[in-house]
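Residue numbers (my numbering): -4 to 588. Ideal placement from N, C-alpha and C gives every residue a C-beta, glycine not left out.
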Amino acid sequence: MNTILSLGCLAILAAAATSAYAAPPLEGFRQGPYWGEQTLQEHTPDGVRVFYNADAGYDPTRPTLVIFFATPNGNTIEQTLGCEMRDGLDWHYNIQHIAAQTRMLRRVEKGRNIALVTVQADQRSWPAWRARNPDNAARIRALVAAAAAKFPSPRRTVALAGHSGGGSFLIGFLNGGDAIPDWVERIAFLDANYSYADEDLHGDKLLAWLKADPTRQLVVLAYDDRSITLDGKPVVGPTGGTFRATIRMRNRFAQDTPLQTSRAGDIETTTGLDGRIRLLVDQNPNNKILHTVLVETNGFLETMTAGTPYHRGFTYRGDRAYGKWIQPAERDAPIGTLALSTIPPAPANAEGGTAFMARIEAMPPAEREQAIGDAILRGNIPSFLRVFKTLETSCVDDRGRRHTATFSVAPDYLAVGTDTDWVRAPMTPMTAARIAAGFGCSLPTRRIVDIVDNCAEVRLEPKPLTQDREAVATFVQHNAIIEGQRAGKPLGALVCGIKKDVVLTGRLKENPRRVAIYGWRLPDGMPIQPLTTVHKDTYVDYSHGIRLIDRRITVDGIPRDMLDVLAAKHLWPLLSDEGSLSGVRIPVQLNGK
-4 MNTILSLGCL AILAAAATSA YAAPPLEGFR QGPYWGEQTL QEHTPDGVRV
46 FYNADAGYDP TRPTLVIFFA TPNGNTIEQT LGCEMRDGLD WHYNIQHIAA
96 QTRMLRRVEK GRNIALVTVQ ADQRSWPAWR ARNPDNAARI RALVAAAAAK
146 FPSPRRTVAL AGHSGGGSFL IGFLNGGDAI PDWVERIAFL DANYSYADED
196 LHGDKLLAWL KADPTRQLVV LAYDDRSITL DGKPVVGPTG GTFRATIRMR
246 NRFAQDTPLQ TSRAGDIETT TGLDGRIRLL VDQNPNNKIL HTVLVETNGF
296 LETMTAGTPY HRGFTYRGDR AYGKWIQPAE RDAPIGTLAL STIPPAPANA
346 EGGTAFMARI EAMPPAEREQ AIGDAILRGN IPSFLRVFKT LETSCVDDRG
396 RRHTATFSVA PDYLAVGTDT DWVRAPMTPM TAARIAAGFG CSLPTRRIVD
446 IVDNCAEVRL EPKPLTQDRE AVATFVQHNA IIEGQRAGKP LGALVCGIKK
496 DVVLTGRLKE NPRRVAIYGW RLPDGMPIQP LTTVHKDTYV DYSHGIRLID
546 RRITVDGIPR DMLDVLAAKH LWPLLSDEGS LSGVRIPVQL NGK
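So, in C-alpha cells, the structure goes:
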C-alpha cells in the first residue's frame, strides 16, 4: 500500500527560522513537517501551478516582501526549489536551490516577513505558455497581484525573479502596463533577460520605475555565452543569449543615466543610479556553460540582497553558503513529480457526512460545490481514503519496446465525513480538479479505470436510481445502498462497480466545457456507461464518483509525472487507450465559479 502522506521532496519543503510571535496560520495554508513552514498549492484555470511558502512565524503585523520566482524551461517547481541529492534523483534538483537560499535570506533579514511564491507554466515553458495566451501580460499581472494578497501585511511589496526561461514571466509582467506598479521593489533576471527589447519599452519602464523610488533595485546576472557549445554545436544564435541582452540593457540605461563599470576576477559589474542598477557579467574566459552555475553559487542571494545591509555571509560565485538549509530528499516515495501537499489531518470536531450533506442540501449549486471542495481540502475525509493502492501496468510502444509502470490510486471515491459517518460526494469536474491539484493527484483516464476495475478487491453490482438524480438527498440514499452492499467487506479495499468515474479524455479538447464519465461495471465486466461527454460540466448526479490518482508514477524504474506520461510520445499507451492526452486539462473550480 502507498500512502498519500508519503510525498516528494517539495512536500517537505521547510521554513526558515521560527518566530516568537504566536501568529495563527495563514488562511488555507498547511504546516510542513520540518521547520514548520506554511505552504499552499494552487492551479490556475489557464495552466499555471503556484506554490506558496511562508515562514512558520509569519507575522501579519510586520512588513512583508513577497518574492516571485518563475521556473526555468523544463524544470518543475520541486526541482527549482531543490533538495539533497541521493542515488537515482534527477540532477535538476541540485542546480538552483531557491528554497534553501530563501531560508538563509530569512535568517539574515529578520525585520520583515519573507514569503516565496514559485510559479510554473504547464508544459514547463513560460515562452510556450505566453504564446498560447495572447493576453498573457494581463494574466501575469493579475496572477502576481492576487498571489501577493495571500499574505496579510500593513506594508506588502513584491520582488520578481526568474531563471532562464523564467525571465519570460518577468518580461510578460513588464508588458502588462505602461508602468511597473509601485508595489514592486526589486526585479532580478538570473541569466534570464533573453527577451529584453528596447522596442517594447522595457528599458523605459525600468528606468521610470527605478527613478520613482530610491529603494528599488534591478539586478541582472549573465555571462559571456556568445561562443559556448554543447556537443560541438553553438548554444545561442548570432544575436541571442543573455550577454547580448545585457549589453542592450546597458546601452539603453547609459542614454539616460551615468553608469560605472568595475571588474573583480572574472565578474564585470556595471552600476547606475547609486548602485540600484546592477549588471553582473561573468566574462567566462574558459568558455564554459555557466547557465545554472550563476544561480547555485549564491546567485539568488546576490540578487535579493544587493544594495541592502543584508548583502553578507556569502560570496557570489563562491561556495554554497546555504547548505544547511537544503531539505532532505524523502526516502520512501518517488521523487520528481508534483505531489506538493499532504492531505491534512481531519479537523477537530470534524463534521460527519450526514450532517454535512444536510447542511449543503438547500445550497445553490455553486455554493454547494465550494463547500464540498473546502471540506475535503481541509482534510474532512475518512482515514481509509488516505491509503492508496499501488497498481502495475505495461505496454509495448510503436517501436516494439516494452514499458512497465507502477502508480497509486485511491481505494474508493471521494467522500466527506469521519470514519464512522461519511458520504461519497459527487461533484463537478472543476471541483474535482481543484481537490486533485491540492493533493498532487489527477483524475483517471478510461484506461486507468479499466486497470482499477481489473484489480478490484471488492466488486459490487451497480444500483441505478431514476428519481431526483441531481438531489443531495439522492447522493445520501445511493451511498446508503452501497454501504448495505458493502457490509462485511473491509474499508480501504479497492472497490469497483459503485459509481461512474469522472475521467480525463481527449474528447475534452473538442468539448472543453463538458463532464466526461465512464464505467460503472456490471458483474460480467461490461460498463453501463461508455465514455461520454454529453453533459455540460455543471451537471452532477448521484452516480458520479471521483477517484484520485497520485500523479507520482514510476515508469521503467524512473519517477515521472502522470500528466507528462500521458503526453509522452512513446509512453501514453501505459495510461491511455485513446492516444496522447497532451494539453487535456479540466479548469479548476475556484470560489464556486
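Contact check, residue i vs residue j, beta carbons under 8 Å
i	j	result
Val498	Thr440	yes
Arg44	Ile72	yes
Gly171	Phe64	no
Ser163	Arg125	yes
Val453	Arg481	yes
Arg315	Thr298	no
Val153	Val114	no
Arg546	Asp556	yes
Gly267	Phe248	yes
Asn48	Ser120	no
Pro323	Glu22	no
Leu138	Ile62	no
Pro58	Arg107	yes
Met244	Val290	no
Asp532	Arg509	yes
Ala400	Ile548	yes
Ile321	Gly77	yes
Closer than 7 Å: residue i CB and nearest the ligand GDP heavy atom
i	result
Pro554	In the structure shown, the ligand GDP is absent, as is every other ligand, since no ligand is present at all.
Cβ-based neighbour list, residue i, same chain, cut-off 7 Å, excluding 5 preceding and 5 following
i	result
Pro377	Ala410, Gly412, Thr413, Asp414, Trp417
Gly308	Val103, Ala316
Gln524	Lys495, Ile512, Tyr513, Gly514, Trp515
Leu285	Tyr218, Asp277, Asn279
Cys491	Val447, Asp448, Ala451, Arg454, Arg516
Gly313	Thr292, Asn293
Residue i - containing beta strand (DSSP E), residue span
i	result
Leu360	One point to set straight first is that residue 360 is Pro, not Leu, in the sequence displayed. Element bounds for Pro360: not the beta strand (DSSP E) but the alpha helix (DSSP H), 360 to 372.
Leu254	254 to 259
Phe63	59 to 65
Leu558	Taken as a continuous stretch (DSSP letters only), Leu558 belongs to no beta strand (DSSP E), being part of the alpha helix (DSSP H) at 557 to 562.
Asn48	43 to 49
Phe379	Phe379 -> no beta strand (DSSP E), and no H or E assigned at all.
Outcome for residue i when other beta-carbon atoms lying within 10 angstroms are tallied against a minimum of 16
i	result
Thr234	exposed
Leu559	Note on identity: in this sequence residue 559 is Asp, with Leu being the wrong assignment. Buried.
Gln255	exposed
Val529	exposed
Asn344	exposed
Asp177	exposed
Ser336	Because Ser336 carries a pLDDT of 43, less than 50, the predicted location of this residue cannot be relied on, and the following value inherits that uncertainty. Answer is buried; the Cβ neighbour count reaches 16.
Gly144	Position check: residue 144 holds Ala in this sequence, whereas Gly was assumed. Classification for Ala144: exposed.
Glu456	exposed
Ser389	exposed
Ala11	Unreliable placement is indicated for Ala11, whose pLDDT of 32 sits below 50; the coordinate value is still reported in the next sentence. It counts as buried.
Pro406	buried
Pro518	exposed
Asn258	Looking at the sequence shown, residue 258 is not Asn but Arg. When all chains shown are included, Arg258 counts as exposed.
Asn375	buried
Pro568	buried
Glu37	buried
Val579	buried
Trp86	exposed
Terminal residues of the alpha helix (DSSP H) in which residue i lies
i	result
Thr445	The residue asked about is misnamed: residue 445 is Asp in this sequence, not Thr. First-last of the alpha helix (DSSP H) with Asp445: 441 to 450.
Lys206	197 to 206
Thr310	Taken as a continuous stretch (DSSP letters only), Thr310 belongs to no alpha helix (DSSP H), as it is neither H nor E.
Pro525	No alpha helix (DSSP H) holds Pro525; the beta strand (DSSP E) holding it covers 522 to 531.
Gln36	Careful: Gln36 lies outside any alpha helix (DSSP H), inside the beta strand (DSSP E) at 33 to 38.
Thr413	First-last for Thr413: undefined, no H or E at that position.
Gly433	424 to 433
Leu76	72 to 76
Leu503	502 to 505
Ile512	First-last for Ile512: 509 to 516, but that is the beta strand (DSSP E), not the alpha helix (DSSP H).
Contact set for residue i: own chain, Cβ-Cβ below 8 Å, skip 5 residues either direction
i	result
Ile371	Leu409, Val411, Ala420, Ile430
Lys594	Since the displayed the chain opens at -4 and closes at 588, residue 594 lies outside it and no answer follows.
Ala240	Asn188, Tyr189, Ser190, Tyr191, Ala217
Lys200	Leu169, Asp173, Ala174, Ile175
Gln472	Leu460, Tyr537
Sequence-distant residues of the same chain with beta carbon closer than 6 Å to residue i, five excluded per side
i	result
Ile581	Pro424, Ala428
Val230	Ile223
Leu35	Gly23, Phe24, Tyr47
His306	Thr300
Leu486	Phe379
Contact with chain B by residue i, beta-carbon distance below 8 Å
i	result
Lys531	Judged by its chain identifiers, the structure shown contains no chain B, having just a single protein chain.
Kindly provide the ranges of any alpha helix (DSSP H) runs that are 4 or more residues long and lie completely inside the region 218 to 293, ordered along the chain. 237 to 249, 288 to 291
Those runs of the beta strand (DSSP E) which lie wholly inside the region 103 to 185 and span at least 3 residues: 108 to 116, 151 to 158, 179 to 185
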